[in-house]
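Mapping the sequence shown onto the working numbering, position 77 (from 1) lands on 78, and the numbers just tick up by one.
Don't be surprised by glycine CBs; every beta carbon is placed ideally from N, CA and C.
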Amino acid sequence: MKPRFIVLIDFSSYSSSLLQFAYEWSKKINAELVLVHQTVVSAPALADHKSRGEITNMAVSEALEKLRDFAKSVLPSGTTVDYRITEKKLDIYLPILLREPFHHLVFTGLKGTTILKKIFMGSVAVQIIDHIHELVVALPKDIPHFTISTLYVALNKNYPLNTVDFDRFLELTGHEIRKIIFFSILPSSEEATEAESYLKEVKDQYASKFTTDYILYEGADVFQEVKSIMALQKDALLVVQRGSRMFLDKMFRKFLINDLVYAGNIPLLVLP
């Protein structure tokens with residue numbers, strides 16, 4: 002199947018760099034580019050069905066024109082782009098779009114958030130990751146160009162790597178990845194032997210095609226450890242798996258990934 006990149010555009014200051022990144026990546030593997038925007042339809046509560054339909058059509062038409070103008074401002078002239086406008090929530094609309102026969106990669110921006118917004122509003126990126134079973138690339142604002150050559154893959158021996166989707170992602174990188182570093186973080190040294198054995202097993206599995214290595218870290222605060230690992234890395238993408246419970250969030254969920262999304266400063270690939 003042909004690769005297709007779905008880029009979620011909300012016209013924020015993050016959208017331009019996200020689209021530029023996805024476009025540069027798409028050119029390397031000849032992937033189709035689809036821009037998706039969720040528009041908000043404001044109709045009077047007492048409006049009849051016909052009036053609501055007319056208001057919705059007008060909002061969709063205006064959003065489509067705005068999306069096309071936005072794409073023209075970022076992409077080179079003549080770039081082929083598919084545009085999709087929806088008034089539905091993205092976690093409802095995207096699964097429908099993802100049923101179409103393509104190898105998909107979904108792109109969303111990472112904006113970070115305050116503690117109050119985290120509690121009361123959450124994050125669009127978290128909602129997307131929670132509700133779609135697909136590869137998701139989540140990017141901070143300051144990464145406008147596709148220069149990824151190294152993957153840091155967070156592993157937990159109790160939740161084996163989803164090699165099917167990881168391999169599918171590697172195919173979508175267009176042979177740009179040169180090095181893969183697998184790592185685990187343990188709160189103590191008690192489980193070090195088994196964890197290291199699993200890291201070495203996965204490392205050897207990919208050693209024939211990539212430069213591979215593994216690292217076993219020990220630390221009580223996994224979130225801070227991961228941020229420290231990635232802080233000085235350039236041209237690197239952190240790979241996390243949606244089901245891997247690596248960190249107990251004190252206020253919300255038991256996923257390290259949510260805290261990384263809320264922090265908003267580390268480029269992520271999220272495996273289903």
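What residue range does the alpha helix (DSSP H) around residue i cover?
{"i": "SER27", "result": "16 to 30"}
{"i": "LEU98", "result": "91 to 98"}
{"i": "THR194", "result": "193 to 207"}
Taking the beta carbon of residue i as the centre, do at least 16 other beta carbons fall within 10 Å, making it buried, or is it exposed?
{"i": "HIS38", "result": "buried"}
{"i": "GLY79", "result": "exposed"}
{"i": "VAL127", "result": "buried"}
{"i": "ASN1", "result": "Absent from the structure is residue 1, since the part of the chain shown begins at 2 and ends at 273."}
{"i": "THR96", "result": "In the sequence as presented, Thr is not what sits at residue 96; that position holds Pro. By the 10 Å Cβ count, PRO96 comes out exposed."}
Can residue i and residue j be called in contact, C-beta distance under 7 Å?
{"i": "ARG5", "j": "HIS132", "result": "no"}
{"i": "LEU152", "j": "ILE178", "result": "yes"}
{"i": "PHE291", "j": "TYR215", "result": "Lying outside 2 to 273, the shown extent of the chain, residue 291 is not represented and no answer is given."}
{"i": "LEU34", "j": "SER27", "result": "yes"}
{"i": "ILE230", "j": "PHE211", "result": "no"}
{"i": "ALA139", "j": "VAL241", "result": "no"}
{"i": "LEU270", "j": "LEU238", "result": "yes"}
Taking the continuous beta strand (DSSP E) assigned at residue i, which residues delimit it?
{"i": "ARG169", "result": "Here ARG169 belongs to no beta strand (DSSP E); instead the alpha helix (DSSP H) covers 164 to 173."}
{"i": "ILE86", "result": "83 to 87"}
{"i": "THR213", "result": "212 to 219"}
{"i": "VAL241", "result": "237 to 242"}
{"i": "GLU33", "result": "33 to 39"}
CB-CB under 7 Å to residue i, same chain, minus the five flanking residues each way: which ones, in chain order?
{"i": "SER14", "result": "LYS142"}
{"i": "ASP166", "result": "LEU136, LEU272, PRO273"}
{"i": "GLU75", "result": "One point to set straight first is that residue 75 is Val, not Glu, in the sequence displayed. Taken in chain order, the residues that qualify are SER17, LEU20, GLN21."}
Enumerate in chain order the residues of its own chain whose CB-to-CB distance from residue i is below 8 Å, with the five nearest sequence positions on each side excluded.
{"i": "LEU117", "result": "For LEU117, the pLDDT reaches just 36, beneath the cut-off of 50, and the residue's location in the model is therefore unreliable, although a value from the coordinates is still provided. Nothing listed; no residue qualifies."}
Leaving out five residues before and five after residue i in sequence, what residues of the same chain have Cβ atoms less than 6 Å from its Cβ?
{"i": "PHE147", "result": "PHE22, GLU25, TRP26"}
{"i": "VAL107", "result": "ILE7, GLU135, VAL137"}
Inside the stretch 138 to 162 only - alpha helix (DSSP H) runs reaching at least 4 residues: none
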